[in-house]
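A.B. asks: Here's a structure for you.
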Amino acid sequence: MVDDCPVHNMAQFDIVQAEPTALLYKRPDGVALVGRENRRLKELFKDFGVQPSTVAVMGQMGFTLSTLINMKDEEVDFVIKSMIEEYHLDLLMGEQFGIKAAVRAKRRLVEEEMEQQRMDLAARSNEKKRRLEESSDGLLLKDGNGSLEALGLLGLTDPDSDSEGKKVAKRRQRKRRSKEVGEDGEERPREHPFIVTEPGEPAKGKKNGLDYLFDLYEQCGKFLEEVQHIAKEKGEKCPSKVTNEVFRHAKLTGAGYINKPKMRDYVHCYALHCLDVETSNNLRKEYKERGENVGAWCQACYFPLVKLARQNEWDIDDLFNRNDKLRIWYVPTKLRQLCHIERMKHGE
2 MVDDCPVHNM
12 AQFDIVQAEP
22 TALLYKRPDG
32 VALVGRENRR
42 LKELFKDFGV
52 QPSTVAVMGQ
62 MGFTLSTLIN
72 MKDEEVDFVI
82 KSMIEEYHLD
92 LLMGEQFGIK
102 AAVRAKRRLV
112 EEEMEQQRMD
122 LAARSNEKKR
132 RLEESSDGLL
142 LKDGNGSLEA
152 LGLLGLTDPD
162 SDSEGKKVAK
172 RRQRKRRSKE
182 VGEDGEERPR
192 EHPFIVTEPG
202 EPAKGKKNGL
212 DYLFDLYEQC
222 GKFLEEVQHI
232 AKEKGEKCPS
242 KVTNEVFRHA
252 KLTGAGYINK
262 PKMRDYVHCY
272 ALHCLDVETS
282 NNLRKEYKER
292 GENVGAWCQA
302 CYFPLVKLAR
312 QNEWDIDDLF
322 NRNDKLRIWY
332 VPTKLRQLCH
342 IERMKHGE
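Take a look at the structure:
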């Protein structure tokens with residue numbers, strides 16, 4: 002019986018020419034074995050017009066899926082140049098752009114999946130912390146006066162002490178900040194820090210207007226340029242989009258008011274402002290006259306963007322990348338989902 006492991010039984014294989022430039026190992030019984038990495042490379046390029054022979058050459062050069070998606074754009078250009086000059090491949094212009102587009106798309110997908118995993122992990126951690134706090138409060142209330150025996154089981158100090166009292170007060174204050182109780186007695190999320198304002202209208206009170214919100218995105222673009230300049234001086238990889246590194250840099254320079262959760266919530270609103278400022282202004286005026294809050298206006302900004310995506314053959318990434326101010330921002334996942342739903346609904 003022949004062992005199925007290709008590593009320990011390489012002598013039992015004959016090398017055959019399966020494609021013009023791709024070598025595959027073939028068993029005596031005629032079954033061709035294709036490596037896992039070759040399959041992953043084919044899957045990466047299958048929808049981008051890259052010929053199988055080109056993919057096979059990249060595999061022979063030792064490139065894997067992980068290697069490609071971690072390369073800079075200029076490094077991918079060098080790979081393409083090497084295949085043309087050293088391997089004498091007649092790469093079509095569409096293939097060259099297809100290779101770069103496939104790598105960018107896969108890199109973006111991996112980053113979005115990692116971000117979603119981080120958010121899920123943070124949500125689970127917060128939920129676990131909340132349950133522990135509720136169980137701690139429940140034991141203290143059940144014990145009555147909070148005796149030392151009950152506190153010892155929880156590993157806590159006497160709540161009558163000044164330090165513990167301050168900790169409990171701070172914890173309750175954080176709870177009140179994060180959640181408020183509505184008229185129906187149910188908890189609702191914390192309100193938005195902005196109010197709906199017309200173009201050029203200053204905000205009143207402690208809330209900030211929408212002109213200020215859009216200006217924050219302009220500031221992020223400047224912070225990204227600073228991060229890129231610093232990275233070039235150090236010879237490190239330059240980020241092409243607003244990432245955690247940019248938010249950290251903004252905080253270090255004193256712009257702590259620019260934070261990732263706030264900026265991610267309103268990316269699509271800023272996108273509408275950049276792509277169709279007239280529609281954006283009309284929407285602001287309409288919701289201001291109706292007395293709507295920012296949450297309702299924020300949701301309404303999705304639909305004009307879906308309409309623009311449909312006019313652009315549903316390529317929402319292309320809309321972002323063609324705009325100088327938007328190309329530094331990732332397309333929100335919810336916007337992608339809405340475009341996909343509408344596309345399926347219209348059968349396009």
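Each residue of the sequence shown is one higher than the one before, counting from 2 in the numbering used here. Glycine included, every Cβ here is placed at the ideal spot set by N, Cα and C.
(1) Quick check: the Cα distance between H230 and N39, rounded to an integer number of angstroms?
(2) Would you mind working out which of V247, Y88, P240, Q118 sits nearest K261, comparing C-alpha positions?
(3) Closest to K73 by C-alpha separation, out of E114, A102, A124, would be which residue?
(4) Here's the rule I'm using: 16 or more other beta-carbon atoms within 10 Å means buried, otherwise exposed. How should S281 be labelled?
(5) So, using beta-carbon positions, are H347 and L306 closer together than 8 Å?
(6) Express the C-alpha separation of L66 and R125 in angstroms, rounding to a whole number.
(7) Is the beta carbon of L211 less than 8 Å from the beta carbon of R285?
(8) Express the C-alpha separation of L90 and K82 in angstroms, rounding to a whole number.
(9) Determine the DSSP secondary structure at N283, reduced to helix, strand or coil.
(10) For I317, I'd like the list of residues in its chain whose CB is within less than 6 Å of its CB, leaving aside the five on either flank, ordered along the chain.
(11) Return the residue from the list T55, L45, K308 that minimises the CA-CA distance to Y88.
(12) Could you spell out the range, first to last residue, of the alpha helix (DSSP H) harbouring K43?
(13) I need the straight-line Cα distance from R108 to D48, nearest angstrom please.
(14) Verify whether the separation of the beta carbon atoms of N324 and L276 is less than 8 Å.
(15) Tell me which same chain residues have a C-beta within less than 6 Å of the C-beta of F46, skipping the five on either side of it?
(16) From Y218 to K326, what does the alpha carbon distance come to, in whole angstroms?
(17) Does DSSP classify L339 as helix, strand or coil?
(18) Would you mind working out which of H274, L42, N209 sits nearest F195, comparing C-alpha positions?
(19) For K130 and M120, I'd like the C-alpha separation in whole angstroms.
(20) Reducing DSSP to helix, strand and coil, say where A195 ends up.
(21) Within 10 Å of its beta-carbon, does T198 have 16 or more other beta-carbons around it, so buried, or fewer, so exposed?
(22) Quick check on DSSP: helix, strand or coil for N71?
(23) In chain order, what residues of the same chain have a beta carbon less than 7 Å from the beta carbon of L336, not counting five sequence neighbours either side?
(24) Would G99 and G50 be called neighbours here (beta carbons separated by less than 8 Å)?
(25) Assign M264 to one of two classes, buried (16 or more other C-beta atoms within 10 Å of its C-beta) or exposed (fewer than that).
(26) Given a cut-off of 8 Å, decide if K242 and I329 are closer than it, judged by their beta-carbon atoms.
(27) Taking the alpha helix (DSSP H) that D318 falls in, what are its first and last residues?
C.D. replies: Once the coordinates are examined:
(1) The sequence position of residue 230 within the sequence shown is 229, counting from 1. The sequence position of residue 39 within the sequence shown is 38, counting from 1. Distance between the alpha carbons of H230 and N39 is about 37 Å.
(2) Taking the sequence shown and counting its residues from 1, one reaches residue 261 at position 260. Looking at V247, Y88, P240, Q118, the one whose alpha-carbon comes closest to that of K261 is V247.
(3) As a first step, residue 73 is located in the sequence shown; it is residue number 72 there, counting from the start. The residue with the shortest Cα to Cα distance from K73 is A102.
(4) In the sequence shown, the residue the question calls residue 281 occupies position 280. Residue burial annotation: S281 is buried, with at least 16 other C-beta atoms found within 10 angstroms of its C-beta.
(5) By 1-based counting over the sequence shown, the position of residue 347 is 346. By 1-based counting over the sequence shown, the position of residue 306 is 305. At least 8 Å separates the beta-carbon of H347 from that of L306.
(6) Translated into the one-based positions of the sequence shown, residue 125 becomes position 124. Translated into the one-based positions of the sequence shown, residue 66 becomes position 65. Spanning the two alpha carbons is a distance of roughly 31 Å.
(7) For this step, residue 211 is matched to residue 210 along the sequence shown. For this step, residue 285 is matched to residue 284 along the sequence shown. Yes.
(8) Translated into positions along the sequence shown, residue 82 becomes position 81. Translated into positions along the sequence shown, residue 90 becomes position 89. So the two alpha carbons sit approximately 10 Å from each other.
(9) In the sequence shown, counting from the first residue as 1, residue 283 sits at position 282. In this structure, N283 counts as helix in the three-state DSSP scheme.
(10) As a working note, residue 317 is residue 316 in the sequence shown. Closer than 6 Å at the Cβ level, and outside the excluded window around I317, lie A310, V332, C340.
(11) What you label residue 88 is simply residue 87 of the sequence shown in a count that begins at 1. The residue with the shortest Cα to Cα distance from Y88 is T55.
(12) If you number the sequence shown from 1, residue 43 lands on position 42. Here the alpha helix (DSSP H) through K43 covers 37–46.
(13) Against the sequence shown, residue 108 aligns to sequence position 107. Against the sequence shown, residue 48 aligns to sequence position 47. Going from the Cα of R108 to the Cα of D48 covers about 15 Å.
(14) Start at 1 with the first residue of the sequence shown, and residue 324 comes out as number 323. Start at 1 with the first residue of the sequence shown, and residue 276 comes out as number 275. Yes, Cβ-Cβ distance for N324 and L276 is below 8 Å.
(15) Here residue 46 is taken as the residue at index 45 of the sequence shown, counted from 1. Answer for F46: V56, A103, listed in chain order.
(16) Position 217 of the sequence shown, counting from 1, holds the residue named residue 218. Position 325 of the sequence shown, counting from 1, holds the residue named residue 326. Rounded to the nearest angstrom, the two C-alpha atoms are 9 Å apart.
(17) The sequence position of residue 339 within the sequence shown is 338, counting from 1. Three-state DSSP puts L339 in a helix.
(18) Position 194 of the sequence shown, counted from the start, is the residue given in the question as residue 195. For the residues H274, L42, N209, the minimum Cα distance to F195 belongs to N209.
(19) As a working note, residue 130 is residue 129 in the sequence shown. As a working note, residue 120 is residue 119 in the sequence shown. Approximately 15 Å between the Cα atoms of the pair.
(20) Locating residue 195 in the sequence shown gives position 194, counting from the first residue. First, the residue type needs correcting, since residue 195 is Phe and not Ala in the sequence shown. Here DSSP, grouped into helix, strand and coil, assigns F195 to strand.
(21) On the sequence shown, residue 198 is found 197 positions in, with the first residue counted as 1. Here T198 is buried. Its C-beta has 16 or more other C-beta atoms within 10 Å.
(22) Position 70 of the sequence shown, counted from the first residue, corresponds to residue 71. N71: coil per DSSP, three-state reduction.
(23) Residue numbering aside, residue 336 sits at position 335 when the sequence shown is read from its first letter. Hits under 7 Å: H269, Y303, L306, I317.
(24) By one-based count along the sequence shown, residue 99 stands at place 98. By one-based count along the sequence shown, residue 50 stands at place 49. Yes, the pair counts as a contact, with Cβ atoms nearer than the cut-off.
(25) Counting from 1 along the sequence shown, the entry for residue 264 is found at position 263. With 16 or more other Cβ atoms within 10 Å, it is buried.
(26) Position 328 of the sequence shown, counted from the start, is the residue given in the question as residue 329. Position 241 of the sequence shown, counted from the start, is the residue given in the question as residue 242. Contact check for I329 against K242 passes: the beta carbons are separated by less than 8 Å.
(27) If you number the sequence shown from 1, residue 318 lands on position 317. Segment 317–323, the alpha helix (DSSP H) holding D318.
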